Amino acid sequence: MANESQMPSAAVYQAAANRYDAMEYRLCGRSGLRLPRLSLGLWHNFGSVDDFGKATAMVCRAFDRGITHFDLANNYGPEPGTAEENFGRILSAQLAGHRDEMIISTKAGHRMWPGPYGDGCSRKSLMSSLDQSLRRMRLDYVDIFYSHRYDADTPLEETACALADIVRSGKALYIGISKYPAPEARRMYALLESLGTPCLIHQDRYSMLVRKPEQGVLEAVQEQGVGFIAFSPLAQGLLTDKYLNGVPEGSRAAGPSVFLKRDDITPGLQARLRRLNAVASDYGCSLSQLALRWVMDAPAVTSVIVGASSVAQIDSNLEVLSVPPLSAGQRAELASVLEA
Ligand SMILES: NC(=O)c1ccc[n+]([C@@H]2O[C@H](COP(=O)([O-])OP(=O)(O)OC[C@H]3O[C@@H](n4cnc5c(N)ncnc54)[C@H](OP(=O)(O)O)[C@@H]3O)[C@@H](O)[C@H]2O)c1
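Just so we're aligned: the sequence shown equals residues 780 to 1119 in the numbering used here.
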């Protein structure tokens, strides 16, 4: 494990007394659970290949600034599973006394272990995976357990029953679904409701560059009283100023991630980002702040899950809380820039 020496020791870390002063919290759908407007995701930068000291500092800094929600999945790493392991170590060493102040989520549904049960949303896969996640994170329960994707090979009824039973077992407090198309999401909401464990939250990719949830999902969550949490609100870093003129070393696109590659940064995309950056300058904020404000202000959005590779990025992203909401006129102007 890299740079173990950089991690704050248990004796050193004390949560900031003013940690709840600046963050806003919003009720999640029709539930009584409040989520911070910004949550922290551990998809990248928290695995066994990453700097554990930095990972620890980012989790502690987020908590110190009112980010109570940490989003994980069984397969986050790399190696898969190691983000949960590292998070479990950070929790037990630094945040053990704060478990009741935290909302921890994990997910199952993508390929995680060999053979027919390490993938998908069957009862067998979901239940086995959650048990593994709890062991890795050294937890008795997670706050939110997600079906990570729609699995066309498993009847929705089977997935819904497994999720409801997981809540009844006490291993998760709430249920979420991720990346379900709108029609299947609506069926899932109805099934979970009928089982007495309503769907708390729908997680989907949503940003100024990826607007698919506008084709049905945002309408469905609003109608059904389900919360919505946007992932990759910065489009993995594209909606910051870092790619305006190239691909900087140390960025996600310059690294080994298969989800954002150097070749994705095309001249056409850069021209689009520069247009958005000019709008951000006109509004007196940075492109990343504009991107976060745009998602947070959209109807139905409870929280946005940002990723980070440094404490400074977390601090910079939190500055969005002091950027005023976009006016109707600004949203309309942006809509025409985004559709151009
Ligand atoms: N349900 C799902 O299937 C699913 C899928 C994907 C993600 N998620 C969740 O969503 C979370 C966030 O996803 P994401 O990491 O793609 O989110 P993102 O917020 O769109 O991108 C985060 C990346 O952008 C860069 N960045 C962030 N803030 C910056 C700033 N202020 N200035 C410059 N660069 C900045 C950093 O990358 P570099 O510094 O490395 O360039 C950072 O790792 C994940 O951790 C996960 O919890 C869920």
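Heads up, the beta-carbon is just placed ideally off N, CA and C, and yes, glycines get one too. Note that the structure is a prediction, hence the values are computed from the model and not measured.
Next on the checklist: Whether or not the region 1030-1047 and the region 837-845 are in contact is what I'm after, with contact meaning three or more pairs of Cβ atoms, one per stretch, closer than 8 Å; do they touch?
Outcome noted: no
Checklist entry - According to DSSP, what are the bridge partners of Lys958? => result In the sequence shown, residue 958 corresponds to position 179, counting from 1. Lys958 pairs with nothing; no bridge assigned.
Item to check | Assigned exposure category for Ser948 - 16 Cβ within 10 Å defines buried | outcome: In the sequence shown, the residue the question calls residue 948 occupies position 169. That one is exposed.
Item to check | Three-state secondary structure (DSSP) of Pro1046 | outcome: What you label residue 1046 is simply residue 267 of the sequence shown in a count that begins at 1. Helix.
Item to check | CB-CB length for Leu1013 against Val1116, believed under 8 Å | outcome: If you number the sequence shown from 1, residue 1013 lands on position 234. If you number the sequence shown from 1, residue 1116 lands on position 337. Not quite, the Cβ-Cβ distance comes to about 17 Å (not below 8 Å), so this is no contact.
Checklist entry - Does the Cβ of Ala951 lie closer than 7 Å to at least one heavy atom of ligand 1? => result Taking the sequence shown and counting its residues from 1, the one referred to as residue 951 is at position 172. Because no heavy atom of ligand 1 lies under 7 Å away, the Cβ of Ala951 does not count as near it: no.
Checklist entry - Can you list, in chain order, the residues of its chain whose CB lies under 6 Å from that of Leu952, leaving out five sequence neighbours each side? => result Position 173 of the sequence shown, counting from 1, holds the residue named residue 952. Counting only Cβ-Cβ distances below 6 Å, and skipping sequence neighbours, we find Asp922.
Checklist entry - Exposed or buried, Asn782, counting other C-beta atoms within 10 Å across all chains shown (16 or more means buried)? => result Taking the sequence shown and counting its residues from 1, the one referred to as residue 782 is at position 3. Confidence at Asn782 is low in this model, with a pLDDT of 45, below 50, so its placement is unreliable and no value can be given for it.
Item to check | N-terminal and C-terminal residue of the alpha helix (DSSP H) that Leu1113 is part of | outcome: Numbered from 1 along the sequence shown, position 334 holds the residue referred to as residue 1113. Element bounds for Leu1113: 1107-1118.
Next on the checklist: By the three-class DSSP mapping on this structure, what secondary structure does Ser784 have?
Outcome noted: As a position in the sequence shown, residue 784 is number 5, starting the count at 1. For Ser784, the predicted structure reports a pLDDT of 40, less than 50, and the residue's modelled location is therefore unreliable. A value from the coordinates is still provided. Correct three-state label for Ser784: helix.
Item to check | Cβ-Cβ distance between Ser926 and Cys900 below 8 Å | outcome: The count along the sequence shown starts at 1 and reaches residue 926 at position 147. The count along the sequence shown starts at 1 and reaches residue 900 at position 121. Yes; because the gap between Cβ atoms is below 8 Å, this pair is in contact.
Item to check | Coarse secondary structure for Leu1100, derived from DSSP in three states | outcome: Your numbering for residue 1100 matches position 321 in the sequence shown. It is helical.
Next on the checklist: For a test of the three-state rule: what should DSSP assign to Thr1019, helix, strand or coil?
Outcome noted: Stepping through the sequence shown from its first residue, residue 1019 is reached at position 240. In this structure, Thr1019 counts as coil in the three-state DSSP scheme.
Checklist entry - What residues match up with Ile923 in a beta bridge as DSSP calls it? => result Residue numbering aside, residue 923 sits at position 144 when the sequence shown is read from its first letter. Residue pairing from DSSP places Ile923 in a beta bridge opposite Ser884, Tyr953.
Next on the checklist: Measuring alpha carbon to alpha carbon, tell me which residue in Lys903, Lys833, Arg966, Met906 is nearest Leu821.
Outcome noted: Translated into positions along the sequence shown, residue 821 becomes position 42. Answer by Cα proximity: Lys833.
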